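So the mapping is simple: my numbering equals the position in the first sequence, first residue as 1, plus 1. Glycine included, every Cβ here is placed at the ideal spot set by N, Cα and C. A quick note: this is a predicted structure, and the numbers were derived from the prediction, not measured.
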Amino acid sequence: MTFRKLVEEAKKLLERAGVSNGKIVLSKNPNYGEATSPIAFDIAKRENLNPVEVAEKIVEKICGGRGRIIESVEALSGYINFKVDWRAYAEEILKTILSEREVYGSSSIGIGKKVIVEHTSVNPNKALHIGHARNVCIGDTLVRLFRFLGYDVLALNYIDDSGTQMADVILGITELGYSAEPPNGVRHDEYFGDVVYVEVSKRIEEDKQLEEKRRQIARMIEERDEKYYHLNRELVLKVLGDQLKTCWRLGASYDILNMESDIISYDIWREVFQKLVEIGAVYKAESGPKAGCWLLDLSKHPVLSKEGDEVLVKSDGSTTYVARDIAYAVWKLRGTSKDFKYRILTIDPWGREVLITDVNGEIEKNIGVPEYVLNVIDVRQKRPQEIIRYALGLLGLPSNRYIHYGYEVVAMSVRDAVKMGYTPEPKQEFVHMSGRRGLYVKVDTLLDMLKEKVSQEVLERHPDWSREKISDVSEKVAVGALRYCLIKPDVDKMIIVDTEEILKLEGDTGPYLQYSYARACRILEKADVDASTNPPPKLMEEEKKLLRRLAYFPTLLEEVGETLLIKTLANYAFNLASDFSKFYEEVPVLHTEEESLKRFRLAEVMAFKITLGNVLKILGIPLVEEM
RNA sequence: GGGCCCGUAGCUCAGCAUGGAUAGAGCAUCGGCCUUCUAAGCCGGGGGUCGGGGGUUCGAGUCCCCCCGGGCCCGCCA
């Protein structure tokens, strides 16, 4: 029995009173019972009656009816409140959780359905900064969520290996004397990103000739020039290898790495372009500033028509990024006869194969038709993403399945930027990160800082722990802290990271969740009797509060499965942990004299551990049994 | 100029999708709680024109319109 079933029971009672499809919600205040229906307000409005009287009449018709769990139904100021028999309800909740365990909260909605989630997609010329980390954490949480719901999920990472940013680095090596190998002990992603990319960018800004050279290099990479293409590919794979280490550290995994250069190689674009020409969706500009370009006709689009048509093929015949992305999107929706070949790049820390597209690859993979394609990309790309979606529609593909999962950017506090030598404007409140200008906080740097801070705390609490154990726990807590703070805020809100602030690990943070989990583990570990779902005659308020929250988990997941608002999971996790902390303070478990009561409370702790564990797994926050 | 997003306590945010009962957390601050299952915790106090104004409604932080303040996007870059 969960809240969901309580709702069903309440609905049946309403039906007895002739009310079909009555809305039932969780009562805001437990004094009003466990479930509430505001249906009387709707009926009263429709039929011009007094809601208070309507509610009373409905309750009369239910005539003292009760269900298996529902003990009484009351009308109060227009609301219909359902009160439960807590002994029965508590027992059902615990039985459900203890039997379903790691699948508690899941449902069968995803069985047999496919979902593609593309995330991370960082240019392979630099180390990940905290802005990228938001993308990784959101994307990976979506992957975990869909997997939990039973979907067959494909996690993709789009590698733009043929853009200007790669040309910057190649230019540095071939023309400006930078070594193609980092100094000893320095990672490739950090060397190319922190040193070569930043310094070359600066020189290009000052020297027009270098800009022209970069353009030539970009072109040669795209055209698979023997020397440049191979140098580039080699470099990309090295940087990518390091980037993946960071992503894995955050707990994110990928099934396929799609190289942009391969989208070009497989010529998916040509097929898509022909179709676009056939249906008259594109046209060639004969005159004006865009003469010679092929443009996508946006004149019928309600919003984009105001901003002019979009160039897909440049006057020199090369494709724009939007064109390549349309081709890629068509592939995701199975709208092309062409397909990639793959090879195994590596095995990730969880033992899964990571495939990478490769024209010479041996592996073929039919990815199937997805129910959804989610693209985790920050809000600045809203317009191009909408253009792609629109083009898919023109091509007759189900564009409603193509979802831009947008999120606001991560910025730095002025304080942090100043530490990096930035000079702020008078009233500036944050500083946008910029890879080109070297203004960013790297994920690994931040994680290392967090880990260092956490290990100090751990050492204080557990002076007897081994170095390995301290390191292991600290790493998990550091990752939990970062993931939580990047997932918790609404995606529409900018996050301004301040390294000093983020090191505070109290209150509404990842470690708080992990701590409450660890506390529950300790109780269970020390228990000398088995748990039992047989309830005592009376429950304490803290117990009811905890059980109420536990029962709501399946309903919450159902909602999140539809809204994709993953932050509500973070919110739930905090409230659940908070309920448990209060329970922990007020409700003795191991110190209970009466054995049957102790056994019941152990079941409550167990149910909490299972449920919080399930949420944390979805959020990618590592479980810590001791801290 | 056109489009999108944000504005809730001193600070950071939840609540807005699906309008409903006294607007909730965390941080900070002040005051309590460790011979009892981990104090990364718990309890209590103070702190609110929900940016402003109109409208819809029995009822608006939530929906609609206007305005103000802040951010972003509108390139033959990606």
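- Counting of Cβ neighbours within 10 angstroms places Ser262 among the buried residues, the total reaching 16 or more.
- Less than 8 angstroms divides the Cβ of Cys486 from the Cβ of Ile503.
- Looking from the CA of Ser316, the closest CA among Ile345, Tyr284, Arg344, Asp340 belongs to Tyr284.
- Below 8 angstroms, too few C-beta pairs join the stretch 123 to 142 and the stretch 219 to 229 to call them touching: fewer than three.
- The beta-bridge partner set that DSSP reports for Tyr343 consists of Thr358, Ile364.
- Cα atoms of Ala11 and Leu251: separation of roughly 43 angstroms, rounded to the nearest angstrom.
- Of the candidates Val355, Gly113, Glu626, the residue whose Cα lies closest to the Cα of Arg523 is Glu626.
- A straight line joining the alpha-carbon of Lys610 with that of Thr556 spans about 18 angstroms.
- The secondary-structure analysis by DSSP pairs His405 across a beta bridge with Asn376.
- Spanning the alpha carbons of Glu103 and Gly614 requires a straight line of approximately 8 angstroms.
- In the three-state reduction of the DSSP assignment, Tyr192 falls in the helix class.
- Just measuring C-alpha positions, the residue of Gly407, Lys477, Ser435 sitting nearest Glu453 is Lys477.
- Annotated as proximal: Glu596 and Val530, with beta-carbon spacing under 8 angstroms.
- Taking Ile171 as reference, the option from Ser122, Met221, Lys114 with the minimal CA-CA separation is Met221.
- Scanning the stretch 491 to 531 from its first residue to its last, the whole alpha helix (DSSP H) runs of 4-plus residues come out as 500 to 503, 511 to 527.
- Look at His133 here: in three-state DSSP terms it is helix.
- Counting only residues of its own chain and dropping the five nearest sequence neighbours on each side, Trp295 has a CB closer than 6 angstroms to the CB of Val283, Lys285, Leu313, Val314.
- Contact annotation, Arg69 with Ala89: C-beta distance approximately 7 angstroms; criterion of less than 8 angstroms satisfied.
- Counting only runs of 4+ residues, the alpha helix (DSSP H) found wholly inside the stretch 144 to 218 occupies 165 to 175, 199 to 207, in chain order.
- Secondary-structure assignment with DSSP links Leu297 through a beta bridge to Val283, Glu311.
- If you draw a straight line from the Cα of Leu551 to the Cα of Glu543, it is about 12 angstroms long.
- Rounded to whole angstroms, the Cβ separation of Thr142 and Ile619 is 7 angstroms, and the two are in contact under 8 angstroms.
- The beta carbon of Pro536 sits closer than 7 angstroms to those of Arg88, Ala91, Glu92, Phe601, all from its chain and outside the five residues before and after it, given in chain order.
- Distance check between Asn30 and each of Lys546, Leu603, Leu570 places Lys546 closest, using alpha-carbon atoms only.
- Between the stretch 333 to 345 and the stretch 407 to 414, the count of C-beta pairs closer than 8 angstroms stays below three; the two stretches do not touch.
- In chain order, Gly111, Lys114, Val116 place their CB closer than 6 angstroms to the CB of Tyr152, counting only its own chain and leaving out the 5 sequence neighbours on each side.
- Per DSSP, the continuous beta strand (DSSP E) segment holding Val411 begins and ends at 411 to 414.
- With a contact defined as Cβ atoms closer than 8 angstroms, His120 and Val377 qualify at about 4 angstroms.
- With fewer than three CB-CB distances shorter than 8 angstroms, the stretch 410 to 423 does not count as touching the stretch 387 to 397.
- At a Cβ-Cβ threshold of 8 angstroms, Met607 and Leu525 count as neighbours.
- Counting along the chain, the unbroken alpha helix (DSSP H) around Met607 starts and ends at 596 to 620.
- Taking 8 angstroms as the upper bound for CB-CB distance, Leu447 and Ile98 are not in contact here, some 36 angstroms apart.
- Around Ile368, the same chain offers Leu155 as residues with beta carbons nearer than 7 angstroms, after the five sequence neighbours per side are excluded.
- Taking the Cα positions, Val360 is about 38 angstroms away from Leu566.
- Here Met434 is buried: its Cβ has 16 or more other Cβ atoms, across all protein chains shown, within 10 Å.
- Within the model, the alpha-carbon separation for Arg325 versus Trp270 is close to 7 angstroms.
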